[in-house]
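Accompanying notes for the structure given below.
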Amino acid sequence: MTIALHTAVTGAEAQQTRINIIAGNVAAVNVDGYKKQEASFADIFYTNLKKAGIIENSEASPRPIGAQIGMGVKLVGTYRNLAQGPLNQTFRALDMAIAGGGYFAITLPNGRVGYTRAGNFQKDAQTGNIVTSKGNPLTNGIAIPEGINVEDIQISDNGLITAQDPDNPVGLIEIGQVELFTFPNESGLEAIGDNLLVETVGSGEAVNIDDLTGRIKQRFLEGSNVQAVEELTKLIEAQRAYELNTRVISTQDKIMETANKI
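Its first residue numbered 31, the sequence shown is counted upward by one per residue in this note's numbering.
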């Protein structure tokens, strides 16, 4: 395989990866709490035709520049853009949006802890627990007592959940405290679907956020931070780059075919 052919193949593969990621972002444009994915690429090894600094003959000075030909690109990794998504008002008492950093912690059926930005919670009819749409509870097990109307629940901007005491019209009862967590390296979290991320060695261990002042917005949900027009622009760029690489492949193939006939 020639250098041009190999390089163009890696370029086409890179652009196909970009297109796949863009497609995933566009598909999730209406997913609560979704953070768009980005890809990071790097050039791979080079062929040295001439090295800088060498002396080609006894009368010459060292070469000020060398001559290298790149062999293509490779995918380094994917990461999530953690920019804040829009806060959309829903008027539901158990909907919560996070303003700023942090994740809700959810106990999964297998005992693991999942982390999410999607705050569309429900009341479990049997246990009274505040749960996700899949029925998974918050890790600190906040339960709404019997006799409390869900729509009367108040969640302060620091996550304290209260409700009017049914036995005391002027009194409030504390139901629980919403907890948020962050990580040393949020890009190291692993997505497992259902708006959930799990801890990895790369992310580091979860850290409880002590000061939640202004972080919790009741009756709001955070929307996806995907901008459809921006993704469409990226898609056009990736498509054109892919086509250019395939054209290089086609051109190099014709050159090789001609050379074989000589």
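For glycine and all other residues, C-beta sits at the position ideal for the given N, C-alpha and C.
Since this is a predicted model, take the numbers as computed values, not measurements.
For a cutoff of 9 Å on Cβ pairs, would you count residue i as touching chain D?
i     : result
HIS36 : As a matter of chain content, chain D is missing from the structure shown, which is built from one protein chain.
What residue from the options has the CA that sits closest to residue i's CA?
i      : options                           : result
GLY253 : ASN150, ALA97, GLU68 and ASN87    : ASN150
GLY131 : ASN78, LEU242, LEU168 and PRO94   : LEU242
ILE80  : PHE71, SER91 and ILE95            : Going by the sequence as given, residue 80 is Lys instead of Ile. Closest by alpha carbon: ILE95.
ASP154 : VAL180, LEU35 and PRO214          : VAL180
GLN257 : ALA289, PRO167, ASN290 and GLY115 : GLY115
GLU176 : GLY165, GLU220, ASN166 and GLN156 : GLN156
GLU261 : ILE51, THR32, HIS36 and ALA34     : ILE51
Hey, residue i and residue j: beta-carbon distance below 9 Å or not?
i      : j      : result
ASN55  : GLN67  : yes
ILE239 : SER186 : no
ALA69  : GLY107 : yes
ILE222 : GLY144 : yes
ILE183 : GLN207 : no
ARG249 : ALA123 : yes
GLY58  : LEU251 : For the sequence presented, residue 58 should be read as Ala rather than Gly. Against a cut-off of 9 Å, the Cβ pair of LEU251 and ALA58 comes out as no contact.
ASN225 : THR120 : no
TYR109 : ASN255 : no
THR169 : ILE203 : no
PRO196 : ILE178 : yes
GLY234 : PRO214 : yes
VAL237 : THR212 : yes
ASN275 : ALA42  : yes
VAL278 : LEU105 : no
What residue range does the beta strand (DSSP E) around residue i cover?
i      : result
ASN50  : Where ASN50 is concerned, there is no enclosing beta strand (DSSP E), although the alpha helix (DSSP H) it sits in stretches over 33-57.
SER67  : This sequence places Gln at residue 67; Ser is not what is there. Per DSSP, GLN67 belongs to the beta strand (DSSP E) from 67-73.
ASN118 : 117-119
GLU252 : 250-252
LEU190 : 190-195
ALA82  : Premise fails: ALA82 is in no beta strand (DSSP E) and is neither H nor E.
ARG122 : No beta strand (DSSP E) contains ARG122, which DSSP labels as neither H nor E.
THR162 : Per DSSP, THR162 belongs to no beta strand (DSSP E) and is neither H nor E.
ASN198 : 198-207
Given a threshold of 16 other Cβ atoms within 10 Å of its Cβ, counted over all protein chains shown, does residue i qualify as buried or as exposed?
i      : result
TYR76  : exposed
THR281 : exposed
MET286 : exposed
THR40  : buried
GLU86  : exposed
LEU210 : buried
VAL161 : buried
ILE33  : exposed
ILE205 : buried
If you draw a straight line from the C-alpha of residue i to the C-alpha of residue j, how long is it?
i      : j      : result
GLY83  : ALA38  : 30 Å
GLN98  : ARG48  : 27 Å
GLY201 : LEU190 : 15 Å
GLN194 : LYS264 : 51 Å
ASN159 : GLY100 : 58 Å
THR230 : ALA113 : 21 Å
SER217 : ASN111 : 9 Å
ASP62  : GLU220 : 17 Å
So residue i is in the alpha helix (DSSP H); what residue range does that whole segment cover?
i      : result
GLU260 : 258-291
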